[in-house]
Amino acid sequence: MIEERIRRLGAEAGIALPRVRVTGDDPVLPSVFRVGTAAAVAVGAAAATAAALSPGAAGGPMGAYEASADAAASGAGATVDVREAAVAFRDERHFRIDGAAGELWAPLSDDYRTADGWVRLHCNFDHHRDAALAGLGLGVGAGKADVVRACAERTAVGVEEAVTAAGGCAAAMRSRAEWLRHPHAAAVAASPLVDLARIGDAVAVGHGGGRRPLEGVRVLDLTRVIAGPVATRTLAAYGARVLRVGAEHLPEIPGAVVGTAFGKRSCHLDLRTPAGRRALRDLVAEADVFVQSYRPGALTALGFGPGRLAAIRPGIVCVDISAYGTRGPWSGRRGFDSLVQMACGIVHEGGAGTRPRPLPAQVLDHATGYLAAFGAMAALLRRSAEGGSWWVRLSLARTALWLDGLGRVNGENTAEPEVADLLAEMDSPFGRLTYVRPPGSAAGVPPHWSSPPPRQGEHPPAWW
1 MIEERIRRLG AEAGIALPRV RVTGDDPVLP SVFRVGTAAA VAVGAAAATA
51 AALSPGAAGG PMGAYEASAD AAASGAGATV DVREAAVAFR DERHFRIDGA
101 AGELWAPLSD DYRTADGWVR LHCNFDHHRD AALAGLGLGV GAGKADVVRA
151 CAERTAVGVE EAVTAAGGCA AAMRSRAEWL RHPHAAAVAA SPLVDLARIG
201 DAVAVGHGGG RRPLEGVRVL DLTRVIAGPV ATRTLAAYGA RVLRVGAEHL
251 PEIPGAVVGT AFGKRSCHLD LRTPAGRRAL RDLVAEADVF VQSYRPGALT
301 ALGFGPGRLA AIRPGIVCVD ISAYGTRGPW SGRRGFDSLV QMACGIVHEG
351 GAGTRPRPLP AQVLDHATGY LAAFGAMAAL LRRSAEGGSW WVRLSLARTA
401 LWLDGLGRVN GENTAEPEVA DLLAEMDSPF GRLTYVRPPG SAAGVPPHWS
451 SPPPRQGEHP PAWW
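For the sequence shown, UniProt numbering gives the first residue as 1, with consecutive numbering after it.
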């Protein structure tokens with residue numbers, strides 16, 4: 001099942017992948033959803049594409065591998081273990097700085113009972129917290145008890161809409177059936193899981209060249225929180241030069257921004273200013289991959305939409321990650337993994353409809369991140385053979401639909417997996433880090449990060 005789904009992903013992206021050797025099976029985490037399968041497919045697809053990009057590999061568009069068995073036998077294949085992949089999907093739970101775990105959730109980020117069900121508020125950023133309070137008619141500084149009372153007096157959808165209208169992030173708990181009847185669900189279902197399209201002409205160009213699959217590939221990372229940073233961290237693990245572009249005025253989740261920054265450099269640019277936009281254009285002119293997770297249309301308004309990026313740098317691969325996709329009534333809506341799980345029926349099913357029970361990991365974030373890395377590498381393969389600039393689009397909501405389609409497993413009471421053998425340590429500017437090693441292997445070589453997470457903005461906005 002896992003190997004076939006990886007092969008199918010490659011075919012949908014227009015590339016042939018080497019065989020992937022899979023060990024282990026579901027259930028591996030406590031859930032009725034096939035979380036381990038999702039993790040192994042996403043990680044395995046990224047590893048297989050990295051193998052196809054490895055020095056001496058024959059990977060490329062469909063037809064390049066006439067026999068996947070021969071490709072695997074020649075050392076071009078990949079491996080993935082289900083437990084290893086699933087534990088990597090929970091890496092933020094195991095991340096430590098000098099032995100201490102960070103806070104993953106702000107005090108007001110929680111599920112709240114409403115007059116007719118449940119709603120979740122995402123308040124990890126201060127401006128989202130303030131917007132949620134405003135949407136509930138509460139003043140800045142209101143506490144959790146105030147939020148509990150305000151939500152209890154309203155319907156779940158009423159809270160969702162009021163908070164969203166105020167610029168905040170919320171989602172009512174829907175059943176699977178309720179979501180499938182929602183107008184936006186049809187738009188999500190009409191989109192490919194990994195939407196890869198050619199958007200411009202450019203001569204065929206190689207992907208770098210070196211001992212590691214992505215050595216020489218330059219990646220701009222304009223993402224935050226989990227899905228986007230996981231995608232670019234995965235590219236770094238296969239040898240890409242990743243420059244994260246943040247800004248002093250943009251909020252971050254401290255633990256997440258450190259734990260997802262292995263192998264990267266970090267600079268700050270204020271894209272609200274002409275100087276900041278000019279500096280980003282200079283970086284784009286020499287980039288191979290541009291990954292962003294702003295709301296759809298936000299960077300286009302600043303002059304960095306896919307068409308403009310392809311004009312600045314013919315041959316660029318643009319990767320867009322969003323919560324609900326670029327089409328449909330919710331295309332511009334803010335969202336996070338926990339909210340999409342709430343809206344799409346996942347937590348309703350997990351809790352048997354009585355109360356929210358989320359997945360045992362931020363599965364939508366991590367799966368979308370690894371699939372985005374797969375999409376970026378698939379586009380690099382297509383670029384090297386066909387030329388062109390490429391646009392890759394993914395959304396958490398589409399990943400949720402894919403997870404739903406993997407079926408169910410009797411895993412609700414599954415014991416927690418062992419993790420000690422999957423952890424490693426590294427010194428960093430923040431202290432001694434304990435982290436989950438990147439999963440999988442490509443062409444017999446496990447991915448690894450060659451540098452610890454940097455301090456935010458410590459590097460100049462320049463390639464090296």
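Every residue, glycine too, gets a C-beta built ideally from N, C-alpha and C.
Please read these numbers as outputs of a predicted model, since none were measured by experiment.
Can you tell me whether residue i is buried or exposed? The criterion is at least 16 other CB atoms within 10 Å of its CB, across all chains shown.
i	result
P446	exposed
A400	buried
M173	buried
V20	buried
L222	buried
S450	exposed
D288	buried
T164	buried
M426	exposed
P460	exposed
E248	exposed
W105	exposed
W464	exposed
N413	exposed
T79	buried
P329	exposed
How far does the beta strand (DSSP E) with residue i in it reach, from first residue to last?
i	result
R393	S389 to S395
L133	L133 -> not in any beta strand (DSSP E); alpha helix (DSSP H) instead, spanning D126 to G135.
T23	V20 to T23
I199	D195 to G200
T326	Careful: T326 lies outside any beta strand (DSSP E) and carries neither H nor E.
G246	R241 to G246
Do you know how far the Cα of residue j is from the Cα of residue i?
i	j	result
I2	E12	15 angstroms
L359	V203	44 angstroms
L9	L17	9 angstroms
Y294	A145	32 angstroms
R233	K264	7 angstroms
I346	L235	29 angstroms
V194	G387	19 angstroms
V147	A132	9 angstroms
residue 465	R357	Any property of residue 465 remains undetermined from this structure, which presents the chain solely from 1 to 464.
S74	S54	Only weak support exists for where S74 lies, its pLDDT of 44 falling under 50; the value from the coordinates is given anyway. Answer to the nearest angstrom: the Cα atoms are 12 angstroms apart.
P229	R176	29 angstroms
E458	V436	24 angstroms
L180	A186	7 angstroms
C151	G167	17 angstroms
A45	R7	8 angstroms
A376	P306	14 angstroms
Opposite residue i in the DSSP bridges: which residues?
i	result
L422	Note: L422 sits in no beta bridge, so no partner.
I321	L394
V291	D221 and V319
T414	Note: T414 sits in no beta bridge, so no partner.
D427	R432
T79	R21 and S441
residue 481	The displayed coordinates of the chain run from 1 to 464. Any statement about residue 481 would go beyond what the structure contains.
Quick check on DSSP: helix, strand or coil for residue i?
i	result
Y65	Since pLDDT at Y65 reaches only 35, below the 50 mark, its modelled position is unreliable, and the value read off the structure follows with that caveat. Reduced to three states, the DSSP call for Y65 is coil.
S384	helix
L220	strand
I253	coil
Y435	strand
C267	strand
D404	helix
A187	helix
I97	strand
G102	coil
L121	strand
L138	coil
A361	coil
A462	coil
A177	helix
I226	coil
M1	coil
L9	helix
D26	coil
V258	helix
residue 486	Because residue 486 is not part of the residues shown, which for the chain are 1 to 464, the question remains open.
P274	helix
V147	helix
At what residues does the alpha helix (DSSP H) containing residue i begin and finish?
i	result
G307	P306 to I312
D116	Here D116 belongs to no alpha helix (DSSP H), and DSSP marks it neither H nor E.
S338	D337 to A343
A171	Careful: A171 lies outside any alpha helix (DSSP H), inside the beta strand (DSSP E) at A170 to A172.
E161	A156 to A165
T300	A298 to A301
H350	It is worth fixing the name first, because residue 350 is Gly in this sequence and not His. G350 -> alpha helix (DSSP H) spans I346 to G350.
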